[in-house]
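Number 300 marks the last residue of the sequence shown (the numbering used here); no jumps. Even for Gly, the Cβ is constructed at its ideal location relative to N, Cα and C. One structure is given here, and the rest of the page talks about it.
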Amino acid sequence: MPKNKKVERKRFAFASSTYAESEFVVFGVPDDSGSAYRKGSRYAPDMIRSFVNKNEIGGVITGGRFSMFGPGMKKFSSKVHDAGNLSRKELGLVGKSIRNRKVSIGLGGDHSITADILRAAKPGHKWGIAYFDAHPDIVNSRGRYFGSVVNDISKLEGFDPEASALIGIRTPEEEEIDNIKKLGIEVVTPQDIEERGARAVAESLRHILTADTYISIDMDVLDPAYAPGVTEPEPGGISSTQLIYLIDKIASERTFGVDITEVVPKFDKEGMTMHMAYRLILYSISAIDTAKRRQSI
Ligand SMILES: [Mn+2]
């Protein structure tokens with residue numbers, strides 16, 4: 004353990020850009036007040052930062068730019084800023100950065116922070132979500148907690164359910180099935196991915212996610228074999244390779260934000276869930292960066 008712990012930086016080693024120059028703004032929301040059962044996701048933002056900063060992460064920093072290899076060994080090079088931790092009330096800063104055309108990368112915290120981020124972001128006239136989760140989070144008998152996120156989002160201005168999808172869903176409640184039908188939102192289960200293959204699923208998702216898109220990842224979308232350190236683990240989830248593949252294929256120049264929620268460090272095994280969360284941050288940046296650059300050529 005380092006002796007002078009107080010000088011440990013609460014930012015990612017790869018986040019080497021100033022806010023003004025940055026293309027991506029990483030921030031934590033250390034708040035799990037919207038969750039139940041196995042609480043502790045409020046520790047995730049700093050624990051993931053510490054884990055990453057103590058381990059070999061690869062990549063090089065030159066001129067405020069961080070470069071490394073993403074999925075499929077594609078090189079990316081991006082300007083990433085870490086804005087530190089924010090309370091739910093301070094998320095206006097994130098909204099401002101999105102309106103300044105920076106991509107926000109949020110780290111929960113429990114999944115209810117996603118609705119708060121989008122409420123602050125005011126993304127505009129038409130936008131959708133790619134929502135990776137074991138649970139549909141579309142309860143409407145109760146609001147503003149980790150089980151009602153999609154229902155809360157559906158009330159925001161400009162949200163288009165037809166340009167949105169719930170991916171990896173496997174343990175709905177009865178009222179959630181009704182709400183999914185009412186909203187008319189696309190659902191892709193792990194069974195669908197098994198049957199159709201990730202490639203076909205990614206292609207159909209690209210036809211659905213045609214508006215500005217926010218990608219939200221509840222780490223329980225993964226099988227507990229890949230991500231044991233979550234609030235509510237559910238067997239029968241997707242693999243880390245499938246998740247990375249899908250993010251890589253659906254992220255586009257229209258992706259305005261990503262978040263990763265529900266990591267609970269105290270239930271993690273050998274840091275594997277935190278390591279995956281960190282990879283997802285960088286691979287999301289890689290995928291969005293690649294899409295934007297393709298667009299600008
Ligand atoms: Mn969730």
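According to DSSP, which residues form a beta bridge with E179?
Its beta-bridge partners do not exist; DSSP assigns none.
With 16 as the cutoff for other CB atoms within 10 Å, does S299 come out buried or exposed?
exposed
For ligand 1, I want to know if E265 counts as a neighbour, meaning its beta carbon is within less than 7 Å of at least one of the ligand's heavy atoms.
yes
Please state if the CB of V32 and the CB of G111 are separated by a distance shorter than 8 Å.
yes
Collapsed DSSP secondary structure at V106 in the structure displayed
strand
Between I170, M275, Y281 and F149, which has its C-alpha nearest D34's C-alpha?
F149
At a cut-off of 7 Å, is V55 close to ligand 1 when judged by its beta-carbon and the heavy atoms of the ligand?
no
Taking contact to mean 3 or more Cβ pairs, one atom from each stretch, closer than 8 Å, check whether the region 244–258 and the region 51–69 are in contact.
no
Of the choices D140, G274 and D163, whose alpha-carbon is the least far from that of E177?
D140
Of the listed residues R282, A118 and L169, nearest to K158 (C-alpha basis)
A118
Can you grab the Cα-Cα spacing for the pair S36 / V224, in whole Å?
21 Å
If we count Cβ pairs, one from each stretch, closer than 8 Å, do we get three or more for the region 116–133 versus the region 271–282?
no
Enclosing alpha helix (DSSP H) for L283 [first to last residue]:
M275 to S299
Taking the alpha-carbon positions, what's the G232 to E256 distance?
31 Å
Does the beta-carbon distance from A133 to T244 come in below 8 Å?
no
So, under 8 Å CB-CB, G171 and I241 are touching, yes? Tell me the CB distance rounded to an integer number of Å.
5 Å
Which residues have their C-beta within less than 5 Å of a heavy atom of ligand 1, listed in chain order?
H114, D136, D140 and D221
When burial is assigned at 16 or more other CB atoms within 10 Å of the CB, is G131 buried or exposed?
buried
Leaving out five residues before and five after S25 in sequence, what residues of the same chain have Cβ atoms less than 7 Å from its Cβ?
K82, V83, H84 and K105
Tell me whether the beta-carbon of I218 lies closer than 8 Å to the beta-carbon of T258.
yes
Considering only the beta carbon of each residue, do A254 and I211 sit closer than 8 Å?
no
Unbroken beta strand (DSSP E) run spanning E189, endpoints:
E189 to V191
Can you tell me where the beta strand (DSSP E) holding V32 begins and where it ends?
F27 to V32
Count the other C-beta atoms from every protein chain shown that fall within 10 angstroms of the C-beta of A206, then say buried if there are 16 or more, exposed otherwise.
According to the sequence provided, residue 206 is Glu. The question's Ala does not apply to it. By the 10 Å Cβ count, E206 comes out exposed.
Checking the sheet assignment: what are the DSSP bridge partners for K78?
F72
According to the neighbour-count rule (16 or more other Cβ atoms, all chains shown, within 10 Å of its Cβ), is G66 buried or exposed?
exposed
Which of the three DSSP states, helix, strand or coil, is assigned to V224?
helix
From the DSSP output, in three-state form, read off L212 for me.
coil
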